[in-house]
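Before any comments, here is the structure.
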Amino acid sequence: MLAIETKGLTRHYGALVAVDHLDLAIQPGELFAFLGPNGAGKTTTIRMLTGLIRPSEGTVRINGIDIVRDPLAAKGRVGVVPQRSNLYGELSARDNLIFMAQLYGLPRARWRARADELLAQFGLMEKADSLFAPLSGGTKRRLTIAAALVHEPAILFLDEPTTGLDVQSARGLRKLVRELNEGGVTIFLTTHLIAEAEQLAQRVAIIVKGRLITVDTPAALRARVQGENILELAVPEPTEGLLAALKASAAVADLSRAGDMLRLTVPSVDAAVREVTAITQRAGVSITAIRTVTPSLEDAFVQLTHLDRDAMQNGGPRRQEGGQP
Amino acid sequence: MNRAQLARAWYITAKDMRTYYLKAPLISWGILLPVVFLLAFYLRAPGDIAEAAPGLIGLTVLFGATSVEAVVISFEKRIGAMERLVMAPVTVNALLIGKTLSGALFGLGTGTLVWLASTLVWGLPLAAGIPLLIILLGSVAFALLGTLISLAVREVFDAMTVSNLFRFPMMFLSGVFVPVTALTPVLQVIASLLPLTYTVDALRHLLLGGAGAFYPLWVDVAASVVFAVVLYLWTLLLLQRRLEDLL
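Chains as they are written, first to last, in our numbering: chain A, -12 to 312; chain B, 473 to 719.
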């Protein structure tokens, strides 16, 4: 039986189609990432999968249970970590967990014991009696995840788990997610961070404007762009003339900028290196660094979605025009 | 509704009581306001102060119960905490009961305190404890009214403001300051549409021997029950339809 299965899942908000005929099949034990820019429909999807909002069309099955027909049974089998760490600020860490234990129907004798188990597991025992409101962002996030695990769900949903966290906390959190998955929990997480999906997930679904672009393993997605070679070079202050000359060259298929590097997609590395050397020489520019790059999931993402890197951070999907920086 | 769901409703109530009973809006609207009215009544006519008891009890219950709902619903909507309750295996009915009970209990508690104090200080009759039933019915109806209003607005501040659209007219038309018998016929018709009218009217029967009462006691009790039931069904329907607005 599949852990999560959707068929034709669709959600309208007025005229807007937030999620458009989504078909997903997630196996028990998988760590599945739902990758897309802000506004792609990730949160709407997670809310439909967890029974917070109703689909306009289509079905969701959690462990075979239709979430619209039997919401209580389905909700009892999943844990949800919303985008906001929304536990109760006026309750202590432990009391928040105890309240969740009550809501999810744990027997009275287990309330405090389960809360303390989770506090210990998440390294939060010393915060047990601290109120939730003044805790740091990273601690709040961990506690929000702990709250979703009180009833030992088989499936855990995480909506943008590392958003707003500092690098250290985000890294710790990814480790935690991986450990939970290794412990047997099926994980469905949304993210707009390509690297996060690549590091964590066994399979990645890419969603843009509510539509599923593709679902595959990170390796398979990378392989789709493997046929191409990428050459990165650094020149001090590249002029317009130089860029135009590089783009016009037959040895260069595509040119973009990645940080302070020029990024060239080239049919042949050998031909490109010779050509680029010649062009820079003619322009009287010296190359300060040059390297070939293995295509990353990011490259695959850019090619599959035609979104540029910045669109992921800035939210609004933006068409990339011919690879121009 | 089964026992497991009822238990969950109670846990929601218990958490809300613990978390919000001491919040500023509750202290000011639920506790300070009745005290201010008591002083106002006293300054107007120190000799007749006992006559103010039914209105004072009614106002206390009304403002207490509606203010709690403004906080436990609007405030939690704002911080995103209602999402927790919607994603948990809790039925809409249990959610409604859990959220409304904290307001009803607050109204019941503060209303009962004012009633007991008035019997002690002014020697009003205990009336075999029946006023408790009237206070209870009023608390439930007003808490549901507060829930209904709070579901419709976004912020605690809005909930308080919109609540006042209902609370202030009730204050003047429901026999709190002026008995309904002294109103013009048109205003009497409007008063008959307001739930507070029946709470105060019943208490006039029970505490003042019927002075200033407009309806028979049985009408007051029946109307209070009808208000509670209708408001319950209405709120449940609204919550079922607009559950997504809580997120």
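Just so it is clear, CB atoms sit at the ideal spot from N, CA and C, and this is done for glycine as well.
- Residue burial annotation: A:Lys162 is exposed, with fewer than 16 other C-beta atoms found within 10 angstroms of its C-beta.
- For A:Asp153, no alpha helix (DSSP H) run applies, since DSSP gives it neither H nor E.
- Interface with chain B (8 Å Cβ-Cβ cutoff): A:Gly228 is excluded.
- Residue environment: A:Ser273 is assigned as exposed (fewer than 16 neighbouring CB atoms within 10 Å of its CB, all protein chains considered).
- Counting the other CB atoms within 10 Å of its CB gives A:Asp286 a total of 16 or more, which places it among the buried residues.
- Of all residues in the segment 529 to 560 of chain B, only Ile551, Gly552, Ala553, Glu555, Arg556, Leu557, Val558, Met559 and Ala560 come within less than 8 Å of chain A when Cβ atoms are compared, listed by chain position.
- Relative to the Cα of A:Leu218, the nearest Cα in the group A:Gly124, A:Arg64 and A:Arg261 belongs to A:Arg261.
- When C-beta distances to chain B are compared with 9 Å, every residue of the segment 14 to 29 of chain A stays at or above that value.
- Non-local beta-carbon contacts of A:Ser236 in its own chain, meaning distances under 7 Å to residues more than five positions away in sequence, involve Glu262 and Ile266 in chain order.
- Bounds of the beta strand (DSSP E) holding A:Ser243 are Asp241 to Ala245.
- Close CB contacts of B:Ala481 within its chain, under the 6 Å cut and outside five residues either way in sequence, are with Ala566, Ile569 and Gly570 (chain order).
- Interface flag for A:Arg71 against chain B is set, since a Cβ pair is found closer than 8 Å.
- Your pair A:Leu176 and A:Phe288 does not check out as a contact, with CB atoms roughly 16 Å apart and the cut at 8 Å.
- Residue environment for A:Ala184: buried (at least 16 other C-beta atoms within 10 angstroms of its C-beta).
- If you look at A:Asp146, you'll find it in the beta strand (DSSP E) that goes Ile142 to Asp146.
- For B:Leu719, the residues of chain A that pass the 8 Å Cβ criterion are Arg34, Leu39 and Ile40, in the order they occur in the chain.
- Burial is judged here by how many other beta carbons sit within 10 angstroms of a residue's own beta carbon; B:Phe640 has fewer than 16 and is exposed.
- Excluding sequence positions up to five before and after A:Ser156, its CB lies within less than 6 Å of the CB of Gly125, all in the same chain and listed in chain order.
- Interface flag for B:Thr563 against chain A is set, since a Cβ pair is found closer than 8 Å.
- Counting only residues of its own chain and dropping the five nearest sequence neighbours on each side, A:Pro225 has a CB closer than 8 Å to the CB of Leu249 and Val272.
- Within the segment 72 to 90 of chain A, the residues whose Cβ lies closer than 8 Å to some Cβ of chain B are Asn73, Leu74, Tyr75, Gly76, Glu77, Leu78, Phe86, Met87, Gln89 and Leu90, listed in chain order.
- The continuous beta strand (DSSP E) containing A:Leu220 extends over residues Asn216 to Ala221.
- Excluding its 5 nearest sequence neighbours in each direction, B:Ala599 has C-beta neighbours in its own chain below 8 Å: Leu678 and Leu679, listed in chain order.
- About 14 Å separates the Cβ atoms of A:Tyr75 and A:Val137, ruling out a contact at the 8 Å cut-off.
- Per the coordinates, the alpha-carbon of B:Gly647 lies some 7 Å from the alpha-carbon of B:Val672.
- B:Ala542 and B:Thr619 have their C-alpha atoms roughly 7 Å apart.
- Within the segment 566 to 593 of chain B, no residue places its CB atom closer than 7 Å to a CB of chain A.
- Its chain contains Leu22, Gly23, Ile200, Thr201, Phe288, Leu291 and Thr292 as the residues whose beta carbon lies nearer than 7 Å to that of A:Ile193, once the 5 sequence neighbours on both sides are disregarded; these appear in chain order.
- The alpha-carbon of A:Lys127 is positioned some 43 Å away from that of A:Thr252.
- According to the DSSP secondary-structure assignment, A:Phe175 is paired through a beta bridge with A:Phe19 and A:Phe144.
- Assigned with DSSP and collapsed to three states, A:Val272 falls in coil, not helix or strand.
- At least one C-beta of chain A is nearer than 8 Å to the C-beta of B:Arg480.
- Looking from the CA of B:Val698, the closest CA among B:Leu665, B:Leu719 and B:Gln712 belongs to B:Leu665.
- If you ignore the 5 residues before and after B:Val508, its C-beta comes within less than 6 Å of no other C-beta in its own chain.
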